[in-house]
Each structure stands twice: as C-alpha cells, then as structure tokens.
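Chemist:
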Amino acid sequence: METKPVSVTVHVIGKVQGVGFRAWTERVARGLGLTGWVGNDPDGSVRAVFTGTDEAVNAMLDRLREGPPAARVDRVTTEAADPADTEYDFRVIA
1 METKPVSVTV HVIGKVQGVG FRAWTERVAR GLGLTGWVGN DPDGSVRAVF
51 TGTDEAVNAM LDRLREGPPA ARVDRVTTEA ADPADTEYDF RVIA
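Numbering (the UniProt record's numbering), first residue to last: 1 to 94.
1. With respect to the alpha helix (DSSP H) encompassing Asp62, which residues constitute its N-terminal and C-terminal limits?
2. Would you report the Cα separation of Arg27 and Glu79, rounded to the nearest angstrom?
3. Check each candidate in Arg63, Ala94, Glu87, Ile93 and name the one with the smallest Cα separation from Ser7.
4. Tell me the DSSP bridge mates of Glu79?
5. Which term fits Arg75, buried or exposed, when burial requires 16 or more other beta carbons within 10 angstroms of its beta carbon?
6. Where do the ends of the beta strand (DSSP E) carrying Thr35 lie?
7. By Cβ distance below 7 Å, which residues in the same chain neighbour Gly33 in space, the five residues on each side in sequence not counted?
8. Looking only at its chain, what residues have a beta carbon closer than 6 Å to the beta carbon of Arg22, apart from the 5 residues adjacent to it on each side?
9. Can the beta-carbon of Pro83 be found closer than 7 Å to that of Pro5?
10. Start and end of the beta strand (DSSP E) containing Val92?
Spelled out as structure tokens, the structure:
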C-alpha cells in the first residue's frame, strides 16, 4: 500500500538570511526526496513548503532546527499544507 504524501508549511526564525540557509535547505530536501520550495520573507525569516513521506518531512524538520553552520535557528513553526501546492521538484524562490 502506497502512503499518502504529507505536506507542511514551515516558518524559520533566527539568523537565517545571508548564511546559505536556502541553498542548504534545498540540498537537504532533495537528499530526502522532498518536493516544494524555500524562500526568504521580508522580515528576515525563511518560509518553506515540504511534501514527501512522513518520515522524510520529519527528518527535514529535525535538520531545520539545527540549520547550516553559519545560521542561528531560534524558532521553527509548522502548519499543514495542501500537497497539491507543491511541484514535482524542490526549488529556491526569492
């Protein structure tokens, strides 16, 4: 039986812009087989949508709480998203 994909919108707050956070997120997400996107918000935070297996999405959330070496993650919030809102790949947006 095939499992239904899980999709979440994630908001990451801290020192997450200008430190390679989006590129790092893209690499990790692709490595986990996730689809979706990651982008900067005007307030200095980062927002992303991840779609994939429950296991892969949870692994991504664990990695986001640490972030890349130059980042400082203060808070990660999540909410359910519609899997139809993601594409078949993962990409970095603005």
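Using N, Cα and C, we set each Cβ at its ideal position, and we do this for glycine too.
Model, not experiment: these values are computed from the prediction.
Modeler: The answer reads as follows:
1. 54-66
2. Looking at the two C-alpha atoms, the distance is approximately 22 Å.
3. Each of Arg63, Ala94, Glu87, Ile93 was checked against the Cα of Ser7, and the nearest Cα belongs to Glu87.
4. Answer by DSSP bridge pairing, in chain order: Thr9.
5. The residue is exposed, with fewer than 16 neighbouring Cβ atoms inside 10 Å.
6. For Thr35, the enclosing beta strand (DSSP E) begins and ends at 35-40.
7. Cβ within range, chain order: Gly52, Ala56.
8. Val38, Val92
9. yes
10. Bounds of the beta strand (DSSP E) holding Val92 are 90-92.
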